[in-house]
Amino acid sequence: MKFIVCENYDEMSTKAAEMYKNLINSKPDCVLGLATGDTPKGTYKKLVEYYNAGEIDFSGITTFNLDEYYPMKKDNPQSYNWFMNENLFSLVNFKKENINIPDGSTDNPEEFCENYDKKIESYGIDLMLLGIGKNGHIGFNEPDDQLITGTHVTQLTESTIDANSRFFSADEQIPTSAISMGMVSIIKNSRSILLIANGKGKHDAIESLKDNKINPQIPATLLKVHPDVTIICDKEAYFG
Ligand code: F6R
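For reference, each letter of the sequence shown is one residue, going 11 to 250 in the numbering used here.
Structure, rendered in structure tokens:
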């Protein structure tokens with residue numbers, strides 16, 4: 011794993027967006043893995059700036075998002091589908107048919123997950139963007155004794171439900187389940203992985219990536235088996 015430690019959130023976001031820009035400009039039909047949450051918002055903002063400046067073209071790009079709440083309608087402003095439209099998709103020139111996000115309204119989640127994995131495997135992901143939970147989760151692969159390999163429906167832990175409650179007003183139900191790419195879906199199908207993290211709250215999770223131990227109670231540690239992982243984080247996440 012390669013660590014790049016930045017002064018602050020802005021520098022982290024710029025460095026991450028530059029990695030994406032370089033990839034897209036050298037391979038205009040590349041496949042991107044994308045995440046939601048607070049961490050990538052700055053990266054997406056920079057990508058939109060590059061697009062507006064005519065420095066980047068998304069028309070040939072295919073995307074696969076990591077996760078979505080389940081059940082969740084696409085047009086619900088709390089959905090990850092909505093988040094991606096608001097922060098990136100509707101602001102640049104992706105082709106709608108090239109965007110893939112787990113379907114939170116499917117009646118048959120098992121079949122959906124199997125097909126999502128097959129599609130990811132057939133495309134391969136050139137660069138997978140990941141955030142990290144305070145508890146070390148990746149996507150919604152939550153701490154457990156055993157982790158599920160492929161895309162699956164999962165129960166969220168109390169810590170994740172707590173962390174996500176900030177996005178919901180009190181009278182709305184905070185989702186307790188989600189569809190998530192599995193750790194093996196991510197590791198097996200991504201040529202390169204970029205994990206971004208900022209703030210003291212992520213320090214423990216980042217610290218667990220510095221040694222050579224793998225522990226399913228900290229799902230991010232599984233990324234250590236992947237040969238090409240870059241972690242771009244700020245000083246607070248790195249040093250605490
Ligand atoms: C989001 C996702 C989550 C987040 C993680 C960090 O698609 O998969 O694993 O990356 O919860 O969230 P933020 O960035 O809000 O701290």
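All residues carry an ideal CB built from backbone N, CA and C; glycine is no exception.
- Between the segment 180-195 and the segment 158-171, the count of C-beta pairs closer than 8 Å reaches three or more; the two stretches touch.
- Fewer than three beta-carbon pairs drawn from the segment 214-223 and the segment 171-180 are found closer than 8 Å, and the two stretches are therefore not classed as touching.
- The nearest non-hydrogen atom of ligand 1 is less than 8 Å from the C-beta of Tyr90.
- As a beta-bridge residue in DSSP terms, Glu78 pairs with Ile189.
- In summary, Phe249 is exposed, with fewer than 16 beta-carbon neighbours lying within 10 Å of its beta-carbon over all protein chains present.
- With a minimum length of 4 residues, the unbroken runs of alpha helix (DSSP H) contained wholly in the segment 67-154 fall at 90-97, 119-133.
- Within its own chain, the residues whose Cβ lies closer than 8 Å to the Cβ of Thr170, once the five positions on either side in sequence are excluded, are Gly143, Asn145, His147, Phe150, Glu152, listed in chain order.
- With a beta-carbon spacing of about 7 Å, Glu78 and Ser89 fall inside the 8 Å limit used to define contacts.
- Rounded to the nearest angstrom, the Cβ distance from Tyr19 to Gly52 is 6 Å, consistent with a contact under 8 Å.
- Considering only Lys129, Lys84, Leu204, the residue with the shortest C-alpha distance to Cys243 is Leu204.
- Minimum Cα-Cα distance from Asn32 among the listed residues Leu166, Glu120, Leu137 corresponds to Leu137.
- Scanning Ser202, Phe104, Pro185 for the CA closest to the CA of Leu57 turns up Phe104.
- Where Ala207 is concerned, the enclosing beta strand (DSSP E) starts and stops at 200-207.
- For the set Ala63, Val102, Asn62, Val41, the Cα lying nearest the Cα of Ser200 is the one of Val41.
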